[in-house]
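Contents: one structure, followed by commentary.
4 protein chains.
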Amino acid sequence: MLVVMETAAPKEAVDNVCRLIEQMGLTAHPMPGAQRTAIGVTGNKSQVDADRILTQPGVREIIHVTKPYKLVSREFYPDNSVVDVGGVKVGGKEFIVMAGPCSVESREQTLVVADAVCKAGAKILRGGAYKPRTSPYSFQGLKEEGLKILAEAREKYGLKIVTEAIDTDTIEMVADYADIVQIGARNMQNYSLLRKAGRLSTPVLLKRGLSATVEELLMSAEYIMAEGNRDVILCERGVRTFADHTRNTLDLSAIPFVKKASHLPIISDPSHGTGRKDKVLPLSRASMAVGADGLLIEVHNDPANALSDGPQALTPDMFDEMMVELRAMAPVLGRTME
Amino acid sequence: MLVVMETAAPKEAVDNVCRLIEQMGLTAHPMPGAQRTAIGVTGNKSQVDADRILTQPGVREIIHVTKPYKLVSREFYPDNSVVDVGGVKVGGKEFIVMAGPCSVESREQTLVVADAVCKAGAKILRGGAYKPRTSPYSFQGLKEEGLKILAEAREKYGLKIVTEAIDTDTIEMVADYADIVQIGARNMQNYSLLRKAGRLSTPVLLKRGLSATVEELLMSAEYIMAEGNRDVILCERGVRTFADHTRNTLDLSAIPFVKKASHLPIISDPSHGTGRKDKVLPLSRASMAVGADGLLIEVHNDPANALSDGPQALTPDMFDEMMVELRAMAPVLGRTME
Amino acid sequence: MLVVMETAAPKEAVDNVCRLIEQMGLTAHPMPGAQRTAIGVTGNKSQVDADRILTQPGVREIIHVTKPYKLVSREFYPDNSVVDVGGVKVGGKEFIVMAGPCSVESREQTLVVADAVCKAGAKILRGGAYKPRTSPYSFQGLKEEGLKILAEAREKYGLKIVTEAIDTDTIEMVADYADIVQIGARNMQNYSLLRKAGRLSTPVLLKRGLSATVEELLMSAEYIMAEGNRDVILCERGVRTFADHTRNTLDLSAIPFVKKASHLPIISDPSHGTGRKDKVLPLSRASMAVGADGLLIEVHNDPANALSDGPQALTPDMFDEMMVELRAMAPVLGRTME
Amino acid sequence: MLVVMETAAPKEAVDNVCRLIEQMGLTAHPMPGAQRTAIGVTGNKSQVDADRILTQPGVREIIHVTKPYKLVSREFYPDNSVVDVGGVKVGGKEFIVMAGPCSVESREQTLVVADAVCKAGAKILRGGAYKPRTSPYSFQGLKEEGLKILAEAREKYGLKIVTEAIDTDTIEMVADYADIVQIGARNMQNYSLLRKAGRLSTPVLLKRGLSATVEELLMSAEYIMAEGNRDVILCERGVRTFADHTRNTLDLSAIPFVKKASHLPIISDPSHGTGRKDKVLPLSRASMAVGADGLLIEVHNDPANALSDGPQALTPDMFDEMMVELRAMAPVLGRTME
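Residue numbers (the working numbering), protein chains in the order written: chain H, 1 to 338; chain E, 1001 to 1338; chain P, 2001 to 2338; chain V, 3001 to 3338.
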């Protein structure tokens, strides 16, 4: 249920309605917008006494939401949510590029790549310290040592950091270092992890699962928001289909769908979405053109010897070329890139 | 097998090699390129006496092609093929938009839509006279009457015409009227129809099947080219996956893949690819950005009452807006649009 | 629309209703059942004057069918349809095995295999004379020569013959030789071919397309039945999914679904459905257990040198073992096998 | 790498080889078989000094395993693994049925269902106390209270219990109550959870993920076994495809594939695999026929009012009918059912 307040409703009126909602055993989620405040109501399994709320001062109308997601819905919050990552704003006019190696393999590799992507114009450094790998015998990441290397790169190049948390035991430590905590595709429906991410004060990057519908992606974001963390960035990263010319099938239509259904920002990951470096540049352009708020790109200084996902990593030179092309496209599409 | 001639090889040398190939019981496909001529050899089930060819004057090298497709391969013909549709060039620098109703429903509807798409800048009018429908009880098209209406629209607005042929009995009649004969997704592996299309002198638009791999699409184009028709335009139109927010999943990564593997032009059909009109505009932009040579777009003056596929048809106003946006993007992407 | 007659309604009453339906510009399809006759009505695009029919003598009720398929629906014809193939009854109590080589490669190979499958208990010999192949350079079948070889095998071993027709130009010739004309997966939505199959007096085996829903399969059967041919046998042969341990994913749940929705018989093709000979035996058992009316099995005397689909062909010994196992299972599942 | 011992090799020889492997910094997994002992070696990222091992007394040969999975491989352990669940043996000759409600909703409901499935012949009671739900607002299970109810049912009816663990925080508590700890489809690649399951002494039921290949399923089992827990039971429960007549597509070919590639037992879950109660019975028969070691079936005394997954739950009567049919089939397929 969604309570829509009058345009002129004062803060006291909003607080009053929230108090009433809580008294009814429900949870109130006030969402201040540019025009008016809406108050999301969750916890109502059955019919709620909506009349009691409707008669409160400052209440304009009550919308009974039928979609399974509420807090992530654009009906709840009609403006675009802009997630502020220590000053870097994801979901606004600026097109944000996050780039870096798949895994943090060593201090030297990370700093070399960080330097390169920073110079090319990336704002956020990606890199995995905890790696979910199909095989128990594959490289599983440098763990906390990797997080420290990322922090050093942040210090040195003024980049923000996005890195993945893979379980409830370590997510808090990851959040201590990261500017954005990533929930990977394999964990998109790991609800315990989502709930814990919802209790962080760090923004969360939530990747679409390999066979998740867009509605399931939004429901997983709902898990995070329902715990109180509103800073959720979604990510389309390709789905599994019969098509075999790419590793996954990047489903770009998901981006305008999410933009219409939800207020949350969404970025695109053409590196995982295609799994082939020569497809990353064209799909990056297409991602910007379709309306994504940014990109997540794998860059490696020595892809042939990468410990994971080498075939999809751009070299710094290829990344540079990509940024040049995107910068030329941005103004035509109403976006900015520094 | 591919015979690559010297840069300076005269026409006589090429003719000589072709003659020899034919004497060996094989078929020669000379492909004159900007730099040199290559001669595709088909019909060789087993090992061919390559040495005899290699010793002919003007022959530089012989490449044993291991890919299952030959004539469609970029190894056979390194430049981009440009298909000339009565002066409208598909596959060149210009980005070509084909637009019109799903079905030709009446003379009036067709002329109204033709007028609108022509004014907005489309070069080719699409419209189905023969409709492959899932149900035998659905509207099956106006047949030859529909072709005549399309021809009248061509006359009146100076547009070229693309329309679908659905069987071997009627493809020749369709080709009598059409500037491009379309082979639809359901017929992508109707090999008898492909062979007959290969004997036409009209360009062919070949749509990817609903669950066809890109390699299978190229193999179907090979069927057409093997019969002698080199004017093949490919079309990505979405594949069937589990994703349910769009009718099909438009697989834009197929476009750069085809561009690398083949010399043939490829366009995108975001109308069928998404099945939802509000997704057509963003996916059209993305199609141009990813490298497509053009678009196939459904436009209807009254989508609510369309006899087929109304939910995915743009109104003339929406189409106009799309063309304005594409025209702004084109120069940044190295394309032209009049 | 379905007109249900009284149990005791005489033939004259049925004829009278059919005449009236035809006078209304519609088509009547009388379906005599064990209990009563139902008359399917097709051709009604809009509301029909049902009252006029309801008041005729012998009419019990009128059912407005909302499903997109009519003639194939179990609502139209509540009993199981049994397709009589020259005395071999498909869809009855007997579990019917059709077996033979993928392609008719030579007279000798065909007779050797026919002999083997006949001895093991197959009732119908399969073998392709016209082969739809992904590549134009692959073996395309022996064509009419192949049909003659099949006819000779029929003569010699008393088997019936099922063989594929791939286009409208040759389907009649195929029907001249075949006891069952097969429409392959790639042609499931080749509507011109379906219509022509509908005008044959030969039974038709219709295979599910690689990415066809079960409803689309039923709609394609509707095309055949709408033309007057009621002898349609459906076939589940695997669909295309991401799973890569088999060539296709045999969707056995389609079989009980079809059995409930339709009166038509349905068989299973585990050879194409798995593409791997060591999976054919277990999936054959599962097909019988799930309720299929029979099997279509590839058997080759020398799989390693088969001109097509060798990896999925059973040897005669493996086929024999399969038949022994099925024969043991049949009585438990209420089926018979000679 | 796999070290195969001589048939007659004494325990001392095995211990000696294990000691040597550990000295080399690797991990030894002795697998005593009926014929001989094999010793799996894991931890070897690069080439190992195999010669040193080969020269030890009692060693017959060394097999370099190229498949990505090792401990789960049938090459490591050629016999069928039989998982002993407190006397109920999964993977042996007996066909084991696990049945019960999707969720433990109340003490009364659970006891009623337990009574019914016990009488019908089920050996293991299923029931979710922790429920992974797509929506944060759906019923999430009774948690420990639910586990206590299951334990009471075990006491009362002599059934074993299988119930799901959804995170690393609660898996140990679940294991305190359960006879088998289930890892659900959504958590198949939750590697932290798999590792913790690998350190339990309780058998684990690992369900295939919605879009997991069979190889990925085996790799996830490898995570569990690599931690020391060898009692892993696999479960095919349907994959996500375009087919819409069932909720998922039950991929029965996975079962013979797993049986060949691995020594682990595998059961089938036609309740989730089809999502429709009227498909459960035919697919249960097919699962037995294809070679599954057992079934996981949802049964509810009042499906219309179930808090989760009502449409796929059998009534006790339907379950009873299913058991009667399976009991009739079992001897023909070489299985036993009490």
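Glycine is no exception: its CB is placed at the ideal position from the N, C-alpha and C atoms.
Which runs of the beta strand (DSSP E) spanning at least 3 residues fall entirely within the region 2136–2186 of chain P, listed in chain order? 2160–2164 and 2180–2183
Please confirm if the region 2075–2088 of chain P is in contact with the region 2114–2122 of chain P, defined as three or more CB-CB distances below 8 Å between the two stretches. no
For residue 1223 of chain E and residue 1018 of chain E, the rounded distance between their alpha carbons: 20 Å
So residue 3114 of chain V is in the alpha helix (DSSP H); what residue range does that whole segment cover? 3107–3120
For the beta strand (DSSP E) containing residue 3268 of chain V, name the first residue and the last one. 3266–3268
Interface partners of residue 3189 of chain V on chain H, CB under 7 Å: 132 and 186
Decide yes or no for the touch test of the region 2218–2238 of chain P against the region 2181–2195 of chain P: beta carbon pairs closer than 8 Å, at least 3 of them. yes
By the 7 Å beta-carbon criterion, what residues does the region 1220–1236 of chain E contribute toward chain P? 1222, 1223 and 1226
So with Cβ pairs under 8 Å, would you call residue 3263 of chain V a contact of chain P? no
Backbone secondary structure at residue 101 of chain H - three-state DSSP: coil
Residue 5 of chain H by DSSP, collapsed to three states: which one? strand
Could you confirm whether any beta carbon from chain P is found closer than 8 Å to the beta carbon of residue 335 of chain H? no
According to DSSP, residue 2128 of chain P sits in a beta bridge with which residue or residues? P/2103
Skipping 5 residues on each side, what residues in its chain have a beta carbon closer than 8 Å to that of residue 3133 of chain V? 3139, 3140 and 3308
Using a threshold of 8 Å, state whether the C-beta atoms of residue 3297 of chain V and residue 3099 of chain V are closer than that. yes
To the nearest angstrom, how far is the alpha carbon of residue 3074 of chain V from that of residue 2329 of chain P? 29 Å
I'd like to confirm the pairing. Which residues does DSSP put opposite residue 1284 of chain E in its beta bridges? Looking at the DSSP assignment, residue 1284 of chain E forms no beta bridge with any residue, so it has no partner.
Just how far apart, CA to CA, sit residue 3208 of chain V and residue 135 of chain H? 16 Å
Taking any Cβ of chain H, which residues in the region 3147–3168 of chain V have a Cβ under 9 Å from it, in chain order? 3166, 3167 and 3168
Select from E/1256, E/1231, E/1024 and E/1094 the residue whose C-alpha is nearest the C-alpha of residue 1197 of chain E. E/1231
Who are the near neighbours of residue 5 of chain H in its chain, counting only those whose CB is closer than 8 Å to its CB and skipping five residues on each side? 13, 14, 17, 36, 37, 38, 39, 58, 59 and 60
Quick one, which of V/3113, V/3238 and V/3195 has its alpha-carbon nearest residue 3284 of chain V's? V/3238
Closer than 7 Å by beta-carbon distance: list the chain H residues that pair up with residue 3192 of chain V, in chain order. 166, 167 and 169
Nearest-angstrom Cα distance between residue 1225 of chain E and residue 1071 of chain E? 7 Å
Taking Cβ-Cβ distances below 7 Å as the criterion, which residues of the region 235–261 of chain H are in contact with chain V? 240
When we look at the beta-carbon of residue 201 of chain H and count the other beta-carbons within 10 Å, is it buried (16 or more) or exposed? exposed
Just the C-alpha distance for residue 3163 of chain V and residue 137 of chain H, rounded to the nearest angstrom, thanks. 28 Å
Tell me whether residue 1325 of chain E is buried or exposed, calling it buried when 16 or more other Cβ atoms sit within 10 Å of its Cβ. buried
8 Å is my cut-off, CB to CB: does residue 77 of chain H come that close to chain V? no
What whole-angstrom Cβ distance do residue 3252 of chain V and residue 3290 of chain V have, given they're in contact under 8 Å? 5 Å
Please say whether residue 2166 of chain P and residue 2184 of chain P have beta carbons closer to each other than 8 Å? yes
Taking just the CA atoms, how far does residue 1150 of chain E sit from residue 1144 of chain E? 10 Å
Starting from residue 54 of chain H, find everything on chain E with Cβ-Cβ shorter than 8 Å and list it in chain order. Chain E residues near residue 54 of chain H: none, gap ~32 Å exceeds 8 Å.
Could you pull the start and end residues of the alpha helix (DSSP H) that residue 2208 of chain P belongs to? No alpha helix (DSSP H) holds residue 2208 of chain P; DSSP gives it neither H nor E.
Can you find a CB in chain H that lies within less than 8 Å of the CB of residue 1282 of chain E? yes
Is residue 2308 of chain P close to chain E? Criterion is C-beta to C-beta, closer than 8 Å. no
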